[in-house]
Amino acid sequence: MRKWLIILFAVALVGLAAPRAEAFKGTVTVALSGEPLSMDPHIQSEFIGTMIWPWGYDNLLYAEPGTGKLQPWLAEKMERLSAQAFKFTLRAGAKFNDGTPVNSAAVKYSLGRIADPKIKSRLIPYFKDIKEIEVVDDRTFIVHTTVPMNGLPNLLRRWGHVMNPKTKEMDLPTISRSTHGSGPYVLKSWTKGQKMVFEANPLWWNNKAYPNRPQTLVLRRIQEHATRVKSLQAGEVDIITAIPAHFVPQIKADPKLDVVNVPAVRILYVGFFTAHGGPFADVKVRQAVNYAVDAESIRKTFLGGFAEPYFQMLHPWVYSGYSKKMTSWYPYDLGKAKQLMKEAGFEKGFKAHLFTTVGRYPSDKETCEAITGMVKKIGIDAPCNPVNFPLYRQTFTAFQTGKRKDPGFYYQGFGNGAGDTSVSLRGMGACKGAWSPHCFKEYDAMVDKAIATADVEEQQAAFEKVSQWMRDNATHKPVTKVHDVFGVNKRVNFIARHDEGLDPWDIAVK
Numbered sequence: 023m024r025k026w027l028i029i030l031f032a033v034a035l036v037g038l039a040a041p042r043a044e045a046f047k048g049t050v051t052v053a054l055s056g057e058p059l060s061m062d063p064h065i066q067s068e069f070i071g072t073m074i075w076p077w078g079y080d081n082l083l084y085a086e087p088g089t090g091k092l093q094p095w096l097a098e099k100m101e102r103l104s105a106q107a108f109k110f111t112l113r114a115g116a117k118f119n120d121g122t123p124v125n126s127a128a129v130k131y132s133l134g135r136i137a138d139p140k141i142k143s144r145l146i147p148y149f150k151d152i153k154e155i156e157v158v159d160d161r162t163f164i165v166h167t168t169v170p171m172n173g174l175p176n177l178l179r180r181w182g183h184v185m186n187p188k189t190k191e192m193d194l195p196t197i198s199r200s201t202h203g204s205g206p207y208v209l210k211s212w213t214k215g216q217k218m219v220f221e222a223n224p225l226w227w228n229n230k231a232y233p234n235r236p237q238t239l240v241l242r243r244i245q246e247h248a249t250r251v252k253s254l255q256a257g258e259v260d261i262i263t264a265i266p267a268h269f270v271p272q273i274k275a276d277p278k279l280d281v282v283n284v285p286a287v288r289i290l291y292v293g294f295f296t297a298h299g300g301p302f303a304d305v306k307v308r309q310a311v312n313y314a315v316d317a318e319s320i321r322k323t324f325l326g327g328f329a330e331p332y333f334q335m336l337h338p339w340v341y342s343g344y345s346k347k348m349t350s351w352y353p354y355d356l357g358k359a360k361q362l363m364k365e366a367g368f369e370k371g372f373k374a375h376l377f378t379t380v381g382r383y384p385s386d387k388e389t390c391e392a393i394t395g396m397v398k399k400i401g402i403d404a405p406c407n408p409v410n411f412p413l414y415r416q417t418f419t420a421f422q423t424g425k426r427k428d429p430g431f432y433y434q435g436f437g438n439g440a441g442d443t444s445v446s447l448r449g450m451g452a453c454k455g456a457w458s459p460h461c462f463k464e465y466d467a468m469v470d471k472a473i474a475t476a477d478v479e480e481q482q483a484a485f486e487k488v489s490q491w492m493r494d495n496a497t498h499k500p501v502t503k504v505h506d507v508f509g510v511n512k513r514v515n516f517i518a519r520h521d522e523g524l525d526p527w528d529i530a531v532k
């Protein structure tokens, strides 16, 4: 742990350049499959939100694209004082978009919002080990935790959005459709379900480092993959995401366009609702589905060369827990699947509700429909129900809370761009996890113990034990880890990230 007791980083601003006159240039249009559920960064846990919130709200830290190495951002310095205390120094001169100075009290207010019961934040499980934010002075504060938190810097890199305390006087709907941060852009308009328009923030502290970023950013919601591709080809948009493999050749054939492909954090998987009983509460049924779903066939058929075989629920960029020893999960074996269904007392099968999103992840609808056919072979009658993300969220919550008690399972992705292991393990599997269908007390205890382990090697071993428990109990069926595949108009320069971020300061019109 000695390495955590030194200064992790000091003033070494990412992208720092000699002062230049700002010359924000042009308009860039980005098309995504969806839009944020809210622009309030302290309530939801969803990847489009975490992609867009940093446009308006600075995080305390920054992660280098590709490596995930943490670097200064709104905080210019961080020091670990002890196993349970981190000291941060804010950057001098940073201001919110209304000109109010950013200070330590604003950080305390922002992180404190997450615990406010009136907010009903889904992020509470991620922050439950934070005890207190101690304000030392306007630029210095100390985060005290109830247990050692080796992953705190990663957590604050992804979720440490700093909000203007003046929002205390605003109602939640107002905050949800506007921006009140110190980030590089300000939300100017939002036509729900269609587009969002952002303008460059002239008060951003890092403007001189990125003088050629777009003046205007337009985010368009285009749900269907094919429609996004056509819009790119027509010159209506400049960047599109989540391109299925079969569209890549036609994009590459267009001399005005390019394809950018980067290995990324998102794991696509099947999950099972178990917390309120039903067939999926039986581990043998979950194991049967694990054996019945042919992950390699899905990867080759729908994802081409833009995904990897995967055998765990943690990606390689987490600060601890990823294991190269996890080289298998439940390989395709229809015979074993049928035998397990028989042993569980479901030889004749049962009906279940299977659902997924439309266009949110590569080939999500098509994969879900293939899973319908695969589980049919072991007697599970589960037509795929592809829905837009707001309805998906509602359906998930209905099963998660027990409002729906019929057998339910789903196909989705979990990214964890933070690289904080607790976000994945608590988020996907804990009793109060934002995207957890389970409530296994033994699992929660194992995860809490691993997170609170200070020694680096002991913590790695503890996290590996959790992953083994997940595999033994078939809590999920990891199908693949996808690449992020972007279509880009060659009129813009664009740096793709590994963690599902989309940094507008790294976009420039040529």
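For the sequence shown, the numbering used here begins at 23 and goes up steadily by one. Don't be surprised by glycine CBs; every beta carbon is placed ideally from N, CA and C. Predicted model only: the values in this text are computed from it and were never measured.
Between the alpha carbons of LYS346 and ARG448 lies a distance of about 21 Å. Here the C-alpha atom of ASN283 lies approximately 18 Å from the C-alpha atom of GLN255. The Cβ atoms of GLY381 and HIS247 lie closer than 8 Å to each other. Of the residues assessed, THR349 falls on the exposed side of the cut-off, its CB having fewer than 16 other CB atoms within 10 angstroms. As the crow flies, the alpha-carbon of ILE261 is around 9 Å from that of PHE516. Boundaries of the alpha helix (DSSP H) harbouring THR394: 386 to 398, taken from the DSSP string. Under the DSSP assignment, ALA420 falls in the alpha helix (DSSP H) whose first and last residues are 411 to 422. Residue burial is scored here from C-beta neighbours: ARG513 has fewer than 16 other C-beta atoms within 10 angstroms and is therefore classed as exposed. In terms of CA proximity to PHE418, MET450 leads the group ALA275, SER489, TYR232 and MET450. VAL311: member of the alpha helix (DSSP H) spanning 305 to 314, first to last residue. Counting only runs of at least 4 residues, the segment 316 to 391 fully encloses the following alpha helix (DSSP H) elements, listed from N- to C-terminal order: 317 to 324 and 356 to 365. Around the Cβ of GLY424, a 10 Å sphere holds fewer than 16 other Cβ atoms; the residue is exposed.
Shown here for GLY121: same chain residues with a beta carbon closer than 7 Å to its own, the five before and five after excluded, namely LEU225 in chain order.
With contact defined as three or more Cβ pairs closer than 8 Å, the segment 159 to 176 and the segment 66 to 77 are not in contact. Look at ASP151 here: in three-state DSSP terms it is coil, with no helix or strand label.
Taking the CA atoms as reference points, SER200 sits about 43 Å from LYS373.
Under a 10 Å Cβ-count criterion, LYS214 is classified as exposed, with fewer than 16 other Cβ atoms of the shown protein chains found around its own Cβ. Sixteen is the threshold: since fewer than 16 other Cβ atoms of the shown chains lie within 10 Å of the Cβ of ASP428, the residue is exposed.
Nearest C-alpha to LYS217 among LEU59, TRP351, ASP466 and TYR131: LEU59.
Here ASN229 carries a helix assignment [DSSP, helix/strand/coil].
Secondary structure note for LEU241: its beta strand (DSSP E) is the uninterrupted segment 238 to 243.
For GLY509, DSSP records a beta bridge to ILE262 and VAL281.
When the Cα atoms are used, LEU82 and ALA97 turn out to be separated by approximately 5 Å. Pairing LYS532 with LEU178, the inter-Cα distance amounts to about 33 Å. In terms of Cβ geometry, MET61 and GLY78 form a close pair [threshold 8 Å].
For GLY437 against VAL287, the beta-carbon gap comes to about 5 Å, under 8 Å, which counts as contact. 8 Å or more divides the Cβ of PRO175 from the Cβ of PHE333. Pairing ARG242 with THR72 gives a Cβ-Cβ distance that is not under 8 Å.
The continuous alpha helix (DSSP H) containing SER444 extends over residues 443 to 451. The beta carbon of PHE302 sits closer than 7 Å to the beta carbons of PHE294, PHE295, THR296, ARG308, PRO429 and PHE431 from its chain, once the five residues preceding and following it are set aside; these are given in chain order. One alpha carbon belongs to SER489, the other to MET171, and they sit about 19 Å apart.
Taken in chain order, the complete alpha helix (DSSP H) segments of 4 residues or longer contained in the segment 49 to 121 are 69 to 78.
According to the DSSP assignment, GLN490 belongs to the alpha helix (DSSP H) that extends over 478 to 494.
DSSP lists GLY293 and PHE377 as the beta-bridge partner residues of TYR432. Given a length threshold of 3 residues, each whole run of the beta strand (DSSP E) inside the segment 148 to 194 is given here in chain order: 152 to 159 and 162 to 167. With respect to the C-alpha of GLY88, the residue from ALA440, ALA366, VAL315 and ARG102 having the closest C-alpha is ALA440.
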